[in-house]
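Okay, so here's the structure we're looking at.
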Amino acid sequence: MSTQTTRLEELGRELGEAIADHPKYEAYEEAKAAVEADDEVQELITEFNRLREEFNVARQMGEATQEGLQKVQAAQEELHSKPVMEEYLLAQAELVGELEKVNEAISEPLSVDFGGEAGGCCHD
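For the sequence shown, my numbering gives the first residue as 132, with consecutive numbering after it.
Structure follows, in structure tokens:
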């Protein structure tokens, strides 16, 4: 392994540690744990996922209805109205914003969007 590769891996670990120590990551983890610990929210998540999956299957079969869509939307609205879920979604959005800044900082000198394009080989 070359010295350059070793240094890049070291920088990657340092970046990962810096992200893990960032207040927005810590807030995200706390909000995530709160959502996971809330039985009512977990039931709402399960119900939302069930309704969404049923709607997606119906849509794929050409049998989706406006009523089915409205049920999914109502379940999502109920879920998102819970304070613990609102906090989680806000913390998640703020963390994503920070990670997008990191992606831009890494990608700029390379002219590559690692968060968007580096994973695939061909884009039409």
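Cβ coordinates follow ideal geometry from the N, Cα and C atoms, glycine included.
Collapsed DSSP secondary structure at K163 in the structure displayed:
On the sequence shown, residue 163 is found 32 positions in, with the first residue counted as 1. DSSP places K163 in helix when its eight states are reduced to three.
Pairing CB atoms from the stretch 171-186 with CB atoms from the stretch 197-211, are three or more of them under 8 Å?
Cβ pair count under 8 Å is three or more, so yes.
Reducing DSSP to helix, strand and coil, say where S238 ends up.
For the purposes of this step, residue 238 is taken as the residue at position 107 of the sequence shown. Taken through DSSP and simplified to helix, strand or coil, S238 comes out as helix.
Selection from Q207, Q191, F186 that minimises the alpha carbon distance to E198
Counting from 1 along the sequence shown, the entry for residue 198 is found at position 67. The residue with the shortest Cα to Cα distance from E198 is F186.
Counting Cβ pairs, one atom from each stretch, are 3 or more of them under 8 Å apart for the stretch 163-174 and the stretch 216-226?
Inter-segment contact for the stretch 163-174 and the stretch 216-226 is present: three or more beta-carbon pairs are separated by less than 8 Å.
With H, G and I counted as helix, E and B as strand and the rest as coil, what does DSSP make of K213?
Translated into the one-based positions of the sequence shown, residue 213 becomes position 82. Of the three classes helix, strand and coil, the one that applies to K213 here is coil, per DSSP.
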